[in-house]
Amino acid sequence: MAAPSPTPSRASSSERTLRQVRLALAGIAVLAAAAVWWVVKTDHGAGVPGHRGSPPPLAPFTNVASASGVQFRHENGARGRKLLPETMGGGVACFDFDGDGDADLLFVNSTWWPDDPRRASGRAPTAALYRNDTAPGGPLQFVDVTAGSGFDRDFYGMGVACGDFDNDGSVDVLLTGVGGNRLFRNRGGGHFEDVTAAAGVGGAPGDWSTAAAWVDVDNDGDLDLFIGRYVGWSPEMDLKVNNQLVGVGRAYGRPWNFPGTVPRLFRNEGGKPGQIRFTDVSKSSGLQVTNAATGLPAAKTLAVAPMDLNEDGWMDLVVANDTVQNFVFTNRHDGTFAEVGELTGLAFDTFGQARGAMGIDAARLRNDESVAVAIGNFANEMNALYVARKGGRHDQLLFTDEAVSEGIGPASQALLKFGLFFFDWDLDGRPDVLTANGHIEEEIEKAQPGAKYRQPAQLFWNAGGAPSFVPVGEAQAGRDLLTPVVGRGSAYADLDGDGDLDVIITQLSGPPLILRNDQKLGHHWLRLKLKGNGSNRDAIGAWVTVRSGGRTMSRQVMPTKSYLSQSELPVTFGLGPESSVDEVVITWPGGREQRLTGVPVDRLTVVEEDAPPKAAGKSP
218 MAAPSPTPSR ASSSERTLRQ VRLALAGIAV LAAAAVWWVV KTDHGAGVPG
268 HRGSPPPLAP FTNVASASGV QFRHENGARG RKLLPETMGG GVACFDFDGD
318 GDADLLFVNS TWWPDDPRRA SGRAPTAALY RNDTAPGGPL QFVDVTAGSG
368 FDRDFYGMGV ACGDFDNDGS VDVLLTGVGG NRLFRNRGGG HFEDVTAAAG
418 VGGAPGDWST AAAWVDVDND GDLDLFIGRY VGWSPEMDLK VNNQLVGVGR
468 AYGRPWNFPG TVPRLFRNEG GKPGQIRFTD VSKSSGLQVT NAATGLPAAK
518 TLAVAPMDLN EDGWMDLVVA NDTVQNFVFT NRHDGTFAEV GELTGLAFDT
568 FGQARGAMGI DAARLRNDES VAVAIGNFAN EMNALYVARK GGRHDQLLFT
618 DEAVSEGIGP ASQALLKFGL FFFDWDLDGR PDVLTANGHI EEEIEKAQPG
668 AKYRQPAQLF WNAGGAPSFV PVGEAQAGRD LLTPVVGRGS AYADLDGDGD
718 LDVIITQLSG PPLILRNDQK LGHHWLRLKL KGNGSNRDAI GAWVTVRSGG
768 RTMSRQVMPT KSYLSQSELP VTFGLGPESS VDEVVITWPG GREQRLTGVP
818 VDRLTVVEED APPKAAGKSP
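In our numbering, the protein residues as written are 218 to 837.
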């Protein structure tokens with residue numbers, strides 16, 4: 218990938234010295250970690266290569282997309298001109314649009330270009346909405362309800378963000394794409410009203426928006442809207458750049474051939490349910506970073522991970538950028554943010570280089586509540602796993618990339634990673650990592666022998682040892698998960714109500730994978746759906762801490778993760794062999810705590826802010 222652009226702000230001499238010291242120490246750490254990884258890798262012992270302990274469990278996935286009624290196929294509009302957006306889409310959302318307690322699916326689609334002769338048919342591709350009609354204990358079953366939903370319209374879509382922006386109890390939807398954004402208010406009955414113009418969040422006609430997140434940045438009880446944009450682009454610009462690849466000829470353009478952008482932030486002004494009042498605070502927010510050397514916009518954003526990194530009760534934002542440094546925006550509590558990516562160690566790799574960052578997720582990794590940010594990067598660049606140990610001042614978090622020593626680095630290097638998220642695959646209580654992979658150039662093998670356009674997903678099991686993460690093979694995860702595809706977006710949800718997490722992976726110009734989790738390990742689980750009352754209705758940003766069997770586990774209510782996609786709102790805790798929990802502590806957005814005991818396991822429980830919990834499902 219390209220060399221990084223100059224840093225967006227001029228660092229002081231002490232900051233430069235700090236960075237130089239950090240990079241020197243990081244380089245030594247990487248070499249040492251690599252040596253440890255190689256020793257562990259070659260010492261197979263009784264377990265899987267790369268780990269001294271037990272092998273990953275048997276917990277296979279089965280692709281049931283066609284059998285469940287999902288016939289969607291992504292369309293990227295390609296006709297041989299190789300326009301950059303054709304390589305990027307699209308996302309998927311797992312959200313309960315009809316309020317019946319299960320996760321429905323919305324697949325984001327792109328479309329044909331304006332001069333495509335196929336438009337004469339009058340049947341351009343659209344997004345697809347599928348209602349989950351799975352009966353208790355039955356096979357997964359989805360019904361296509363796109364027609365008349367509001368999503369059945371022509372739009373070159375990319376990503377999706379779901380959130381109840383008007384706190385009326387129904388989840389609304391924002392779509393990002395080439396040409397701006399579309400905001401849909403959930404009117405009930407499976408119909409979504411396009412309220413983009415009234416909300417004023419559509420952006421400019423030339424925008425190429427990608428990642429988006431609903432998050433309460435000012436703790437006022439309603440959801441504000443962050444929208445990341447990729448590069449300044451037009452078909453004419455792309456054709457003029459005329460990117461060439463040896464052995465291929467004209468190839469898809471590279472990000473450094475196009476100018477950077479800045480994200481947008483819209484503050485929700487609240488009001489009565491059903492009202493739409495947003496204010497564009499993009500310029501005053503501090504999110505619009507410019508290159509210090511040129512004064513030009515610096516961002517090339519593909520993903521965002523909202524998280525309260527410093528535990529001060531206010532949401533921060535980690536932004537994954539492609540070929541330029543990542544950003545870390547810490548919340549100043551006054552409607553503005555400070556960009557501290559370089560100072561925290563998250564901006565670059567351990568050698569001070571920017572990477573091609575795609576998907577992102579953030580989590581508390583272990584019982585010590587260390588904060589981890591994982592990023593999927595371009596081909597020939599390892600996954601990143603930035604970890605900040607708890608301790609010291611909260612406003613001085615320092616992250617180090619531990620991808621090598623933790624086991625998710627070297628095994629990922631050859632693949633081109635897009636979707637990435639933490640989830641508890643086997644319900645043992647530890648967050649595992651899954652990436653969806655696929656190249657951008659169909660003929661990449663001509664230029665790079667051995668490289669593949671279609672690539673298998675990767676699953677890393679968190680074994681809790683050193684290294685923590687172990688690559689999972691076909692014998693444990695099943696053939697369907699590891700089928701080579703042109704993977705892009707990815708998300709998870711308990712689609713069939715059996716407690717474990719199923720996975721959806723979208724393909725570029727192809728059908729999605731709906732991967733049913735068929736684990737039969739006998740592990741217990743706890744699922745909680747939170748409803749804010751004073752906080753935003755979706756409780757986005759709340760933290761749930763569960764104590765069980767001497768362990769403490771934390772999960773954030775945050776559907777925004779991975780690449781262009783949204784996972785479900787309910788949080789899932791695997792309990793392993795433990796059949797009860799000692800205590801559940803909910804920290805609502807803004808910092809209010811609610812403590813619960815006697816919460817039942819092996820079922821979904823609904824918890825409303827400052828109200829007794831309600832069981833919402835029976836043990837399967």
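For every residue, glycine included, the Cβ atom is placed at its ideal position computed from N, Cα and C.
TODO: Inspect the beta-carbon positions of Leu357 and Ser285 and report whether they are closer than 8 Å.
DONE: Here residue 357 is taken as the residue at index 140 of the sequence shown, counted from 1. Here residue 285 is taken as the residue at index 68 of the sequence shown, counted from 1. Their beta carbons are under 8 Å apart, which means Leu357 touches Ser285 by this criterion.
Task: Spatial neighbours of Ala571 in its chain, beta-carbon cut-off 7 Å, leaving aside the 5 residues before and after - done: For this step, residue 571 is matched to residue 354 along the sequence shown. Correct list, in chain order: Pro221, Thr540, Val541, Gln542, Phe565.
- [ ] Using a threshold of 8 Å, state whether the C-beta atoms of Asn436 and Gly807 are closer than that.
- [x] Locating residue 436 in the sequence shown gives position 219, where the first residue counts as 1. Locating residue 807 in the sequence shown gives position 590, where the first residue counts as 1. Yes.
Open item on the list: Rounded to whole angstroms, what is the Cα-Cα separation between Thr789 and Val465?
Closed with: Position 572 of the sequence shown, counted from the start, is the residue given in the question as residue 789. Position 248 of the sequence shown, counted from the start, is the residue given in the question as residue 465. About 46 Å.
Open item on the list: So within the segment 609-688, which uninterrupted alpha helix (DSSP H) runs reach at least 4 residues, ignoring any that extend past its ends?
Closed with: Counting only runs of 4 or more, we get 620-623, 661-664.
TODO: Buried or exposed for Ala591, please, with buried defined as at least 16 other CB atoms from any protein chain shown within 10 angstroms of its CB.
DONE: For the purposes of this step, residue 591 is taken as residue 374 along the sequence shown, with counting starting at 1. The residue is buried, with at least 16 neighbouring Cβ atoms inside 10 Å.
TODO: Grab me the residues of Ala364's own chain with a C-beta within less than 8 Å of its C-beta, minus the 5 sequence neighbours each way, in chain order.
DONE: For the purposes of this step, residue 364 is taken as the residue at position 147 of the sequence shown. Closer than 8 Å at the Cβ level, and outside the excluded window around Ala364, lies no residue.
Task: Cβ-Cβ distance between Tyr469 and Thr304 below 8 Å - done: As a first step, residue 469 is located in the sequence shown; it is residue number 252 there, counting from the start. As a first step, residue 304 is located in the sequence shown; it is residue number 87 there, counting from the start. Closer than 8 Å, so yes.
- [ ] State the start and end residues of the unbroken alpha helix (DSSP H) segment that holds Gly558.
- [x] By 1-based counting over the sequence shown, the position of residue 558 is 341. 558-561 is the span of the alpha helix (DSSP H), which, as asked, contains Gly558.
Task: Three-state secondary structure assigned by DSSP to Asn403 - done: Translated into the one-based positions of the sequence shown, residue 403 becomes position 186. In this structure, Asn403 counts as strand in the three-state DSSP scheme.
- [ ] Give, in chain order, every unbroken run of the beta strand (DSSP E) that is at least 3 residues long and sits entirely within the segment 475-500.
- [x] 481-485, 495-497, all fully within the segment 475-500.
Task: CB contact flag (Gly417, Asp497, <8 Å) - done: Sequence index remark: in the sequence shown, residue 417 carries index 200 (1-based). Sequence index remark: in the sequence shown, residue 497 carries index 280 (1-based). Going by beta carbons, Gly417 and Asp497 fall inside the 8 Å limit.
Task: Residue from Trp760, Ala276, Arg467, His291 whose Cα sits closest to the Cα of Gly727 - done: Translated into positions along the sequence shown, residue 727 becomes position 510. Comparing Cα positions, the closest option is His291.
TODO: Output the distance between the C-alpha atoms of Asn679 and Thr478, rounded to the nearest integer angstrom.
DONE: The residue given as residue 679 occupies position 462 in the sequence shown. The residue given as residue 478 occupies position 261 in the sequence shown. About 36 Å.
Task: N- and C-terminal bounds of the beta strand (DSSP E) containing Thr822 - done: Position 605 of the sequence shown holds residue 822. It spans 821-825 - the beta strand (DSSP E) in which Thr822 sits, taken as one unbroken run.
Task: Assigned exposure category for Phe640 - 16 Cβ within 10 Å defines buried - done: Stepping through the sequence shown from its first residue, residue 640 is reached at position 423. Under this definition Phe640 is a buried residue.
TODO: Would you mind working out which of Phe554, Glu453, Val521, Thr328 sits nearest Ser501, comparing C-alpha positions?
DONE: On the sequence shown, position 284 is the one that residue 501 refers to. Ranking Phe554, Glu453, Val521, Thr328 by CA distance to the CA of Ser501 puts Phe554 first.
Task: Reduced DSSP category for Arg290 - H, G, I as helix; E, B as strand; rest coil - done: Taking the sequence shown and counting its residues from 1, the one referred to as residue 290 is at position 73. Look at Arg290 here: in three-state DSSP terms it is coil, with no helix or strand label.
Task: Contacts around Glu659, its chain only, beta-carbon distance under 7 Å, and the 5 residues preceding and following it disregarded - done: Taking the first residue of the sequence shown as position 1, residue 659 is located at position 442. Cβ neighbours of Glu659 beyond the five flanking positions: Tyr670.
- [ ] Report all residues from its chain with a CB closer than 7 Å to the CB of Leu563; omit the five preceding and five following residues, and keep chain order.
- [x] Along the sequence shown, read from residue 1 onward, the residue named residue 563 stands at position 346. By the criterion of a C-beta distance shorter than 7 Å, Leu563 is surrounded in its chain by Val535, Asn543, Val545, Val590, Tyr603, Phe616, once the five residues flanking it on both sides are discounted.
- [ ] Less than 8 Å between the CB atoms is what I'm expecting for Asp735 and Thr279, so what's the real figure, rounded?
- [x] By one-based count along the sequence shown, residue 735 stands at place 518. By one-based count along the sequence shown, residue 279 stands at place 62. The Cβ separation is near 6 Å, so the contact holds.
Task: Same chain, Cβ closer than 6 Å to Val362, five either side skipped, listed in chain order - done: By one-based count along the sequence shown, residue 362 stands at place 145. Result list for Val362: Leu346, Arg348, Gly407, in chain order.
Task: Boundaries of the beta strand (DSSP E) in which Ala574 is found, first to last residue - done: On the sequence shown, position 357 is the one that residue 574 refers to. Element bounds for Ala574: 574-581.
Task: Alpha-carbon spacing of Val521 relative to Asp799, whole angstroms - done: Along the sequence shown, read from residue 1 onward, the residue named residue 521 stands at position 304. Along the sequence shown, read from residue 1 onward, the residue named residue 799 stands at position 582. Distance between the alpha carbons of Val521 and Asp799 is about 34 Å.
TODO: Put His348 into one of helix, strand or coil per three-state DSSP.
DONE: As a position in the sequence shown, residue 348 is number 131, starting the count at 1. Residue 348 is actually Arg in this sequence, not His. Looking at Arg348 - three-state DSSP - the assignment turns out to be strand.
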